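Structure record follows, encoded as structure tokens.
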Amino acid sequence: MKEVTLNTDSFNQNPQFENEAAVLRHIYNLIVMKKGTDPLNPDKGVDINRFYYAFKDDVDVHALEQEIKDQVSTYTNYLINNVICQTSKSGTKWVLHVILTI
């Protein structure tokens, strides 16, 4: 698999990702994409930003895990074995870890 971005580098070329990097880039784009961005698939995208203040309890974390599983299985051909979302505190900030097993 190969993924080509629409951005250009300093040589005016489009960066290309292959193999594992392409898979990671594809899933990353799906997780950060806002719903409605793709007019042909208006439900496509997890829109992780909408969960920005939502991780007060495990229900919100499990909802995000399920959303990622559903989106990846619907809009990619990858089989996800497991999705784990965990929160941890780093100083005064909270950090969200998303762990995928493909």
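Numbered per the working numbering, the sequence shown finishes at 212, counting up by one with no gaps.
Glycine included, C-beta positions come from ideal geometry on N, C-alpha and C.
These figures come from a predicted structure and were not determined experimentally.
Among the bridge pairs identified by DSSP, residue 144 is matched with none. The beta carbon of residue 183 is closer than 7 angstroms to those of 190 in its chain, skipping five residues each way along the sequence. Note that the segment 128-135 does not touch the segment 168-178; fewer than 3 beta-carbon pairs, one per stretch, sit closer than 8 angstroms.
Looking only at 163, 159, 212 and 185, the smallest Cα-Cα distance to residue 150 is reached by 185. When secondary structure is reduced to three states using DSSP, residue 192 falls in the strand class. Within the DSSP bridge table, the entry for residue 209 names 194 as partners. In this structure, residue 181 sits away from residue 142, with a CB-CB distance that is not shorter than 9 angstroms.
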